[in-house]
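> In this text, residue positions in the sequence shown follow my numbering: the first is 112, and each later residue adds one. Every residue, glycine too, gets a C-beta built ideally from N, C-alpha and C.
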Amino acid sequence: MVLVARIRQGIRRAPILILALAVLVVTAAGAFHAPAFAQEESRGWSLRDLLFPRRSERIEPPIEVQPRPKPKKKPKPRPPAEPETPIVEKTSDARVVLVVGDFLAGGLAEGLDTAFADNPAVRIVARSNGSSGFVRDDVYNWPAQIKSLIETEKPAAVIVMLGSNDRQQMKVGDVREQPRSENWTKEYERRTDALGKALQETKVPFLWVGMPAFGVSKMNSDMLAFNDIYHSAAQSHGGEFVDVWDGFVDENGAFVTSGPDINGQPVRLRSDDGINVTKAGKRKLAFYTEKPLAKILGLAAPGSITTVSAPAGAPVEAPKPAAAPVIVDRTAPMLLGDPALDGGTELLGAAQPAKADPNLPGEKLILEGKAPAASPGRADDFSWPPKKQPAAATAEPGSTLATP
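#1: Where does residue 208 land, buried or exposed, given buried means 16+ other C-beta within 10 angstroms?
#2: Nearest to residue 407 by alpha carbon, out of 349, 327, 483?
#3: Of the choices 230, 477, 229, whose alpha-carbon is the least far from that of residue 469?
#4: Counting only the same chain and skipping the five closest in sequence on each side, list residues whose C-beta sits under 8 Å from that of residue 385.
#5: I'd like to confirm the pairing. Which residues does DSSP put opposite residue 180 in its beta bridges?
#6: Which residue marks the beginning of the alpha helix (DSSP H) containing residue 494, and which one marks its end?
#7: Residue 377 bridges to which residues according to DSSP?
#8: What does DSSP give as the partner residue(s) for residue 272 in the beta ladder?
#9: If you drop the 5 nearest sequence neighbours on each side, which residues of the same chain put their C-beta closer than 7 Å to that of residue 279?
#10: Note down, one range per segment and in chain order, each beta strand (DSSP E) of at least 3 residues found wholly within the segment 283 to 354.
#11: Can you tell me where the beta strand (DSSP E) with residue 234 in it begins and where it stops?
#12: For the putative contact between residue 222 and residue 404, defined by C-beta atoms under 8 Å, what is the C-beta separation to the nearest angstrom?
#13: Checking the sheet assignment: what are the DSSP bridge partners for residue 206?
#14: By how many angstroms is the C-alpha of residue 361 removed from the C-alpha of residue 377?
#15: Buried or exposed, going by whether 16 or more other CB atoms sit within 10 Å of the CB of residue 496?
#16: Quick one, are the C-beta atoms of residue 303 and residue 237 less than 7 Å apart?
Structure below.
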């Protein structure tokens with residue numbers, strides 16, 4: 112009985128011992144984690160902190176990690192600087208080229224100004240209206256204004272580039288017609304023809320530059336239709352139409368933002384909107400008009416300097432002797448319509464060939480369809496029984512004739 116009583120007394124004191132051990136453990140943990148415990152003093156202590164210590168008490172403070180330096184970006188290579196075009200002061204009697212039209216005509220004038228910057232005898236004058244066109248004649252009426260512009264500038268040639276703003280309704284009488292409807296097209300042709308007639312009456316030679324392709328696919332079909340109208344108006348009134356379409360599309364006829372410049376180098380020709388033209392694109396527009404313009408102005412080539420009359424009393428230089436003819440070691444090109452370039456008077460094949468002898472085997476085969484008789488023993492000898500080959504009359508000494 113005494114033993115049982117002592118066991119019961121030990122069992123009753125076990126919780127007190129466990130609690131004492133827990134206090135000792137907490138005290139030891141506080142000694143090792145004094146900073147963390149000091150931070151938690153303000154919020155008090157509970158049994159949960161003993162059984163499930165908080166994350167801040169279990170994890171050591173993180174080691175300071177320095178951020179990885181970002182790699183330096185390599186600078187993009189700059190495109191080579193364009194060579195500066197020397198600007199030459201124009202002479203007082205320089206021939207004027209008047210450029211009229213919308214905002215594309217203004218870009219064309221800039222390109223022509225660059226092309227003829229080194230020519231003192233040619234001056235480019237731009238009289239463009241960026242918002243103008245044939246549809247909104249209330250904004251600017253080109254057929255009515257072109258004569259006064261020509262009288263003011265007195266140009267030697269006129270260049271027209273107009274129509275990029277004309278994809279809109281047009282008021283015909285009291286009705287607003289939709290673009291490219293039947294009545295719209297008839298009125299549009301009448302207005303373009305009126306401009307061509309006004310240019311013809313001034314007796315100034317003119318070029319009519321067509322529209323390029325645009326980034327909006329719906330615009331391109333309209334621009335192709337407009338170009339046909341401009342072409343007809345230019346030819347009907349003595350002008351020349353300049354087609355620039357191929358310079359702004361790829362080999363499949365699709366619009367391109369970038370393409371070859373006048374030197375064949377890939378450059379950006381159009382802006383992001385697919386409508387406006389970059390500096391290289393303006394120069395390319397001018398490239399298409401240089402050759403016909405040089406022909407009108409009487410220049411040997413675009414940029415060449417025309418002869419300016421010498422002032423009175425100035426010494427006259429003796430003409431230089433003619434250079435010796437260049438010997439060409441290749442066949443010179445010849446036009447099919449000009450046989451005299453090679454010293455002849457007729458093209459090859461003009462004279463009837465001499466008739467061949469009809470008794471020749473080839474002529475009999477071609478004319479009569481009769482083939483010559485085959486030699487005995489040849490592959491085309493189909494006679495049966497086969498013909499015997501004629502024996503050789505004589506044989507070389509020491510040789511034996513083969514028996515067939």
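Let's see:
#1: Classification for residue 208: buried.
#2: Ranked by Cα distance from residue 407, the options 349, 327, 483 are led by 349.
#3: Of the listed residues, the one whose Cα sits closest to residue 469 is 477.
#4: For residue 385, where only same-chain residues beyond five positions count, the Cβ hits under 8 Å are 325, 326, 327, 366, 368.
#5: According to DSSP, residue 180 bridges with nothing at all.
#6: Per DSSP, residue 494 lies in no alpha helix (DSSP H) segment and is marked neither H nor E.
#7: As a beta-bridge residue in DSSP terms, residue 377 pairs with 371.
#8: Answer by DSSP bridge pairing, in chain order: 212.
#9: So the qualifying residues of the chain are 246, 290.
#10: DSSP runs (the beta strand (DSSP E)) wholly in the segment 283 to 354: 286 to 288, 317 to 320, 351 to 353.
#11: Start and end: 233 to 239.
#12: A Cβ-Cβ distance of about 12 Å is found for the pair residue 222 and residue 404, leaving them out of contact under the 8 Å criterion.
#13: DSSP lists 233 as partners of residue 206.
#14: Computed Cα separation, rounded: 12 Å.
#15: Exposed: under 16 other Cβ atoms inside 10 Å.
#16: In this structure, the beta-carbon distance from residue 303 to residue 237 does not fall below 7 Å.
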